[in-house]
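So the structure is just underneath, and the comments pick up after that.
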Amino acid sequence: MFSSFGSTMFGSFNSSNKFEEFFRCYPISMMPDLIRKDDSNFGGKIFLPQSSLNKLTMLHIRYPMLFEIKNESNGKFTHSGVLEFTAEEGRCYLPQWMMNTLNLNPGNLIKINNCDLPLGKFVKIEPQSVDFLDISDPKAVLENVLRKFSTLTVDDIIEINYNDQIYGIKILEAKPSNGICVVETDLETDFAPPVGYVEPEYKPKKKEINKSSGAGTMAKSIEYAKIASNEGNKLSGKIEYNINDLSKDAPPKKLELPEGQLFFGFPIIPIEKEEVEKEDAPKFTGSGQSLRTKKRKSQNPFPPLKNHSRSPDDVIEID
Numbered sequence: 180m181f182s183s184f185g186s187t188m189f190g191s192f193n194s195s196n197k198f199e200e201f202f203r204c205y206p207i208s209m210m211p212d213l214i215r216k217d218d219s220n221f222g223g224k225i226f227l228p229q230s231s232l233n234k235l236t237m238l239h240i241r242y243p244m245l246f247e248i249k250n251e252s253n254g255k256f257t258h259s260g261v262l263e264f265t266a267e268e269g270r271c272y273l274p275q276w277m278m279n280t281l282n283l284n285p286g287n288l289i290k291i292n293n294c295d296l297p298l299g300k301f302v303k304i305e306p307q308s309v310d311f312l313d314i315s316d317p318k319a320v321l322e323n324v325l326r327k328f329s330t331l332t333v334d335d336i337i338e339i340n341y342n343d344q345i346y347g348i349k350i351l352e353a354k355p356s357n358g359i360c361v362v363e364t365d366l367e368t369d370f371a372p373p374v375g376y377v378e379p380e381y382k383p384k385k386k387e388i389n390k391s392s393g394a395g396t397m398a399k400s401i402e403y404a405k406i407a408s409n410e411g412n413k414l415s416g417k418i419e420y421n422i423n424d425l426s427k428d429a430p431p432k433k434l435e436l437p438e439g440q441l442f443f444g445f446p447i448i449p450i451e452k453e454e455v456e457k458e459d460a461p462k463f464t465g466s467g468q469s470l471r472t473k474k475r476k477s478q479n480p481f482p483p484l485k486n487h488s489r490s491p492d493d494v495i496e497i498d
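Mapping of the sequence shown onto the working numbering: residues 180 to 498, in sequence order.
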């Protein structure tokens, strides 16, 4: 009798009843100093009173304990885990980002009930600032930060603290459902471009001209015709006009003459005689210079003996 009564009683209790309570919510920054944990403000877990633990134990809620938090006034909801059961009776403390997501003010009434969420397989996130790109290894940082979270919900903007800087991250997509459990699971992560990020414009590289093919002469390669096509001035004041194109391959240009004037060719200017004499003058006929100051010896110190007749004084007598 009692065994039947007990099984019927507790079986009915577990199947028809679930944890569902209303609390006054406050941010973690308003917790008493003795129980406040500022680091938990950058996580995904809440603080509940001790009485909630007793009810959850009676309901045999399995671990990890996951909850749905809902703002009844606007219908917005999110999911979370529980960090400690140290809050005052009738109160619940939430991270600041969770208060912002649900549009809650301190002291507002919220409904909390337990729930089951599937293990997450994939999540796509969107940093809310381009400053997130300054992190050298974002995947390693995210892996470390997610240890403070039990759940992730699509459209939530969570906050993380890294190197004393707060970064907002929006959950764009989650699989296999919009709310997932991230406790002891292999989670594939994809990153969307941060908000405000502008893709740098792609500028194609200029094609380098092969200098060995089609470069032509030096005058063509440096475009000497364009450089020397300007006007020049003489010391006499007469303006010197240069031709527009010095290229030999350029086509002949039309001779422009005043109206009524005929052109019979350019006059022949004979070469002056002085210039001809200068050209015919021998070259390299100067005397050489030496660094030595010593006089040279004569080329022939001894006169040749050929055709040389001795004088009578030069005869040697032999007794």
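Built from N, CA and C at the ideal position, the CB exists for glycine as well. All values reported here derive from a predicted model rather than from experimental measurement.
Apart from the five residues just before and just after residue 206, which ones in its own chain have a Cβ nearer than 8 Å to its Cβ? In the sequence shown, counting from the first residue as 1, residue 206 sits at position 27. 220, 272, 273, 274, 275, 278 and 285.
How far does the alpha helix (DSSP H) with residue 265 in it extend, from its first residue to its last? For the purposes of this step, residue 265 is identified with residue 86 of the sequence shown, where counting begins at 1. Not the alpha helix (DSSP H): residue 265 falls in the beta strand (DSSP E), residues 256 to 266.
Alpha carbon of residue 199 to alpha carbon of residue 353, nearest angstrom: Taking the first residue of the sequence shown as 1, we reach residue 199 at position 20. Taking the first residue of the sequence shown as 1, we reach residue 353 at position 174. Their backbone Cα atoms lie some 26 Å apart in a straight line.
Kindly give me the distance between the Cβ atoms of residue 280 and residue 336, rounded to whole angstroms, as I take these residues to be in contact under 8 Å. By one-based count along the sequence shown, residue 280 stands at place 101. By one-based count along the sequence shown, residue 336 stands at place 157. Residue 280 to residue 336, Cβ: 6 Å. Contact.
If residue 359 sits next to residue 297, beta carbons under 8 Å apart, how far is it from one beta carbon to the other, in whole angstroms? If you number the sequence shown from 1, residue 359 lands on position 180. If you number the sequence shown from 1, residue 297 lands on position 118. That pair is a contact at about 6 Å.
Inter-residue Cα distance where the pair is residue 370 and residue 323: Walking along the sequence shown from the start, residue 370 turns up at place 191. Walking along the sequence shown from the start, residue 323 turns up at place 144. If you take the alpha carbons of residue 370 and residue 323, they lie about 16 Å apart.
Which of the three DSSP states, helix, strand or coil, is assigned to residue 322? As a first step, residue 322 must be located in the sequence shown, where it is residue number 143. In the structure shown, residue 322 sits in a helix (DSSP, three-state: H, G or I).
Out of curiosity, what's the CA-to-CA distance linking residue 238 and residue 197? Residue 238 sits at position 59 when you count from the first residue of the sequence shown. Residue 197 sits at position 18 when you count from the first residue of the sequence shown. Using only the alpha carbons, I get a separation of about 7 Å.
Simplified DSSP state of residue 362, which is helix, strand or coil: As a position in the sequence shown, residue 362 is number 183, starting the count at 1. Residue 362: coil per DSSP, three-state reduction.
Hey, residue 350 and residue 333 are a contact pair by Cβ (cut 8 Å); roughly how many whole angstroms apart? By one-based count along the sequence shown, residue 350 stands at place 171. By one-based count along the sequence shown, residue 333 stands at place 154. Right, their Cβ atoms sit about 5 Å apart.
Within 8 Å, strictly: CB atoms of residue 230 and residue 268: Taking the first residue of the sequence shown as position 1, residue 230 is located at position 51. Taking the first residue of the sequence shown as position 1, residue 268 is located at position 89. Contact: yes.
Mind checking whether residue 245 and residue 292 have CB atoms under 8 Å apart? Start at 1 with the first residue of the sequence shown, and residue 245 comes out as number 66. Start at 1 with the first residue of the sequence shown, and residue 292 comes out as number 113. Cβ atoms of residue 245 and residue 292: not closer than 8 Å.
With burial defined as no fewer than 16 other Cβ atoms inside 10 Å of the residue's Cβ, what is the status of residue 448: buried or exposed? Here residue 448 is taken as the residue at index 269 of the sequence shown, counted from 1. It is exposed - the Cβ of residue 448 has fewer than 16 other Cβ atoms within 10 Å.
Can you give me the C-alpha to C-alpha distance between residue 382 and residue 261, rounded to a whole angstrom? Translated into positions along the sequence shown, residue 382 becomes position 203. Translated into positions along the sequence shown, residue 261 becomes position 82. Distance between the alpha carbons of residue 382 and residue 261 is about 52 Å.
Provide the residue span of the beta strand (DSSP E) that contains residue 234, from first to last. One-based indexing of the sequence shown puts residue 234 at position 55. Taken as a continuous stretch (DSSP letters only), residue 234 belongs to no beta strand (DSSP E), being part of the alpha helix (DSSP H) at 229 to 237.
Other residues of its chain near residue 347: CB distance less than 8 Å, five sequence neighbours each side excluded: The residue given as residue 347 occupies position 168 in the sequence shown. Same-chain partners within the cutoff: 276, 306, 307, 308, 336, 337 and 338.
Residue range of the unbroken alpha helix (DSSP H) whose run includes residue 220: Your numbering for residue 220 matches position 41 in the sequence shown. Looking at the DSSP string, residue 220 is not in any alpha helix (DSSP H), and its letter there is neither H nor E.
Rounded distance between the beta-carbons of residue 251 and residue 290, thought under 8 Å: Taking the first residue of the sequence shown as 1, we reach residue 290 at position 111. Taking the first residue of the sequence shown as 1, we reach residue 251 at position 72. That pair is a contact at about 6 Å.
Could you check the C-alpha separation between residue 235 and residue 325 for me, to the nearest Å? Position 56 of the sequence shown, counted from the first residue, corresponds to residue 235. Position 146 of the sequence shown, counted from the first residue, corresponds to residue 325. When rounded, the distance between both Cα atoms is 25 Å.
So what's residue 302 in DSSP terms, helix, strand or just coil? Residue mapping note: residue 302 aligns to position 123 of the sequence shown, counting from 1. Note: residue 302 maps to strand in three-state DSSP.
What is the rounded straight-line gap between the Cα of residue 265 and the Cα of residue 213? In the sequence shown, counting from the first residue as 1, residue 265 sits at position 86. In the sequence shown, counting from the first residue as 1, residue 213 sits at position 34. Straight-line Cα distance between these residues: approximately 10 Å.
Let's see if you can read the secondary structure: which residues bound the alpha helix (DSSP H) around residue 275? Position 96 of the sequence shown, counting from 1, holds the residue named residue 275. It spans 275 to 280 - the alpha helix (DSSP H) in which residue 275 sits, taken as one unbroken run.
Output yes or no for whether 8 Å exceeds the beta carbon distance between residue 321 and residue 368. The residue given as residue 321 occupies position 142 in the sequence shown. The residue given as residue 368 occupies position 189 in the sequence shown. Yes, they are a contact pair.
Residue environment, residue 436, which counts as buried when at least 16 other CB atoms sit within 10 Å: As a position in the sequence shown, residue 436 is number 257, starting the count at 1. With fewer than 16 other Cβ atoms within 10 Å, it is exposed.
Taking the C-alpha atoms as reference points, what is the distance between residue 241 and residue 227? Translated into positions along the sequence shown, residue 241 becomes position 62. Translated into positions along the sequence shown, residue 227 becomes position 48. Rounded to whole angstroms, residue 241 to residue 227 spans 17 Å at the Cα level.
Alpha-carbon to alpha-carbon, residue 302 and residue 255: One-based indexing of the sequence shown puts residue 255 at position 76. One-based indexing of the sequence shown puts residue 302 at position 123. Taking the straight line from one Cα to the other gives about 21 Å.
Confirm, please, whether the CB-CB distance from residue 215 to residue 270 is below 8 Å. In the sequence shown, the residue the question calls residue 270 occupies position 91. In the sequence shown, the residue the question calls residue 215 occupies position 36. Contact flag unset, no.
Quick one: what does DSSP say residue 355 is sitting in, helix, strand or coil? As a first step, residue 355 is located in the sequence shown; it is residue number 176 there, counting from the start. Note: residue 355 maps to coil in three-state DSSP.
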